[in-house]
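Right, here's the structure in full:
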């Protein structure tokens, strides 16, 4: 009778211990999972931050390139407009001066000088652009 009681108590104790162990294991697993998830999340966050930084830098680079391109285009448009204006002015002057023969030589000289000036200006601007880019 006594033996049986002892065995029963022992069995109960064993059962309890097992249950406790199981609980502990479960808790441990849960904790581990939590930690892992946290670390993973942190890693992901770090990755996202890195990616964000990379994207930011890339965007900035792209913006800079775009700005440069825009500047180039704008410069070309300005130059073309200037050229057009100059040509129209020269044409007007030529039309005016054609009546007088003596002024034609002057116009030729002027045109040569103006063309030289324009070429110099264009070369300077181009050089500046090349130096910049």
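In our numbering, the protein residues as written are 35 to 167. Note that beta-carbon positions come from the ideal geometry of N, C-alpha and C, so glycine has one too.
Among 119, 43, 105, 66, whose alpha-carbon lies nearest the alpha-carbon of residue 247? The chain is shown from 35 up to 167; residue 247 falls before or after that span and cannot be answered.
Residue 69 to residue 58, Cα distance in whole Å? Approximately 16 Å between the Cα atoms of the pair.
Given this structure, state the Cα-to-Cα distance separating residue 115 from residue 87, to the nearest angstrom. Just so you know, the alpha carbons of residue 115 and residue 87 end up roughly 41 Å apart.
Between residue 73 and residue 113, which are expected to be in contact by the criterion C-beta below 8 Å, what is the C-beta distance as a whole number of angstroms? That pair is no contact at about 59 Å.
When you compare only the Cα positions, how much space is there between residue 122 and residue 152? If I take the Cα positions, the gap works out to 14 Å.
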